[in-house]
Amino acid sequence: MSLLSNALRNGGLALALGVSFAACDTVTESTPITAAAPTLAEASALGDIVAAANPSGFEADQGLLIRKNLSETRFELDLAWAYTDETGKPVREGSSIQTIKVSDDRTQVYATVDRPNSKGALVRVTRDGRDIIDITNNGMLVAPKGFDVVEEFGVTVVADFGGKAIQVFSNTAVNGRLPLVFAITDLGGERSVWDVVHDPANDRLYVAGTDGVLLVYDDFAATGPQAPTRTATPAIDGTGISVNLHGIDYDLASDMLVLTDVGSPADPTDGQLFTIMNASTASGLTEVVAQIGGPNSMLGNPVDVVLSNGAAYVAEKSNDGVLWFNNIFSRTSSEDAAPDAMIAVTKAESVDAIR
20 MSLLSNALRN
30 GGLALALGVS
40 FAACDTVTES
50 TPITAAAPTL
60 AEASALGDIV
70 AAANPSGFEA
80 DQGLLIRKNL
90 SETRFELDLA
100 WAYTDETGKP
110 VREGSSIQTI
120 KVSDDRTQVY
130 ATVDRPNSKG
140 ALVRVTRDGR
150 DIIDITNNGM
160 LVAPKGFDVV
170 EEFGVTVVAD
180 FGGKAIQVFS
190 NTAVNGRLPL
200 VFAITDLGGE
210 RSVWDVVHDP
220 ANDRLYVAGT
230 DGVLLVYDDF
240 AATGPQAPTR
250 TATPAIDGTG
260 ISVNLHGIDY
270 DLASDMLVLT
280 DVGSPADPTD
290 GQLFTIMNAS
300 TASGLTEVVA
310 QIGGPNSMLG
320 NPVDVVLSNG
330 AAYVAEKSND
340 GVLWFNNIFS
350 RTSSEDAAPD
360 AMIAVTKAES
370 VDAIR
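Quick note: the sequence shown uses our numbering, first residue 20, plus one each step.
Shown next, in the form of structure tokens:
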């Protein structure tokens, strides 16, 4: 897959997941990389965190590989490939990286990218002796945010916030394109969505709605376009507490969902983290098992979350960091708990774990 650069950059090794602009102004499916260095699989460890940083201006966007205890940033990812359009040309001005994820075998990296004129994209780079770049067709996505690469079903499910839709693309590229399989525009009401997570064992999709409502689609891949099977709203003592859900992840063994809520994006203090047990049957007002929020929590605008090794890792945009809340499965109260660790990431936008 992607190669480590032979040179030092910004005081550390740059993890080259695509051709840098300095090396080549046009990135295409056939652009070779000849540098010999360790692959991403060799450079990363299980449990390491991949984070996207999204400050103002495309030139400041970053992809970072961080140790799982958040003690240090190991490498900075080269994101040149993610700015490629469907013609192989780089689209830089007005673009911004939204979410970065790594395939389970660490041979592919995916990213969603916001672009000018409401022409967002899902982009994938594969390292196979050269960088092979695949992309969704121009205009297929409006403003894509979170996504889930469902390798068991051979698809990637994307939350298109700008398009108010859930878009499903094949992981099998055709002539450099990731084909659309189907789209869901019935979100059960006038709302949009920010993130998705799929349970492949039960073919169930969970979706974070930006009105504070969780959407659940049973038999998702088998059925295709459909209305939500049911919806649920996080609650305490029968009163809904969610405002604007963003990040979502699921643990099959415990049937637990973890959700982040940004509240008002303009308020850097009203973020929350919830856990919901028996997620597979959640419906209506659903009591949370744990609620974390308040000034000690550092949750202001928690835009993404991932579960790994019994912990919840949160991309906290307002407070510029990735937060680590350990032992998330055993937390059973409403609390203003400080994170167990934090590492500075300017305008953190997404988190993923190396599995």
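We put the CB at the ideal spot given by N, CA and C, even for glycine.
- Under the DSSP assignment, ALA72 falls in the beta strand (DSSP E) whose first and last residues are 68-72.
- In terms of Cβ geometry, THR118 and GLU368 form a close pair [threshold 8 Å].
- Counting C-beta atoms within 10 angstroms of its own C-beta, THR252 has 16 or more neighbours from the protein chains shown and is therefore classed as buried.
- For the pair of segments examined, the segment 318-327 was found to touch the segment 280-290: the number of CB pairs separated by less than 8 Å reaches three.
- Close CB contacts of VAL308 within its chain, under the 6 Å cut and outside five residues either way in sequence, are with THR294, MET296 and THR351 (chain order).
- With 16 or more other Cβ atoms from the protein chains shown falling within 10 Å of its own Cβ, ASP179 counts as buried.
- When the five nearest sequence neighbours on each side are left out, the beta carbons in the same chain lying within less than 8 Å of the beta carbon of ARG196 are those of GLU105, ASP153, ILE154, THR155 and ASN156, in order along the chain.
- Within the same chain, PRO109, VAL110, ARG111 and SER114 come within 6 Å of TYR102 by CB-CB distance, once the 5 residues on both sides are set aside.
- For PHE166, the enclosing beta strand (DSSP E) starts and ends at 163-169.
- Of the other Cβ atoms in all chains shown, fewer than 16 fall within 10 Å of the Cβ of VAL193; this residue is therefore exposed.
- VAL144 has its alpha-carbon roughly 6 Å from the corresponding atom of ASP150.
- Of the candidates ASN136, SER211 and GLY243, the residue whose Cα lies closest to the Cα of VAL174 is GLY243.
- Here GLU78 is exposed, its C-beta having fewer than 16 other C-beta atoms within 10 Å.
- Residues THR252, ALA254, GLY257 and GLY259 of the same chain have their beta carbon placed closer than 7 Å to that of LEU304, with the five preceding and five following residues left out of the count.
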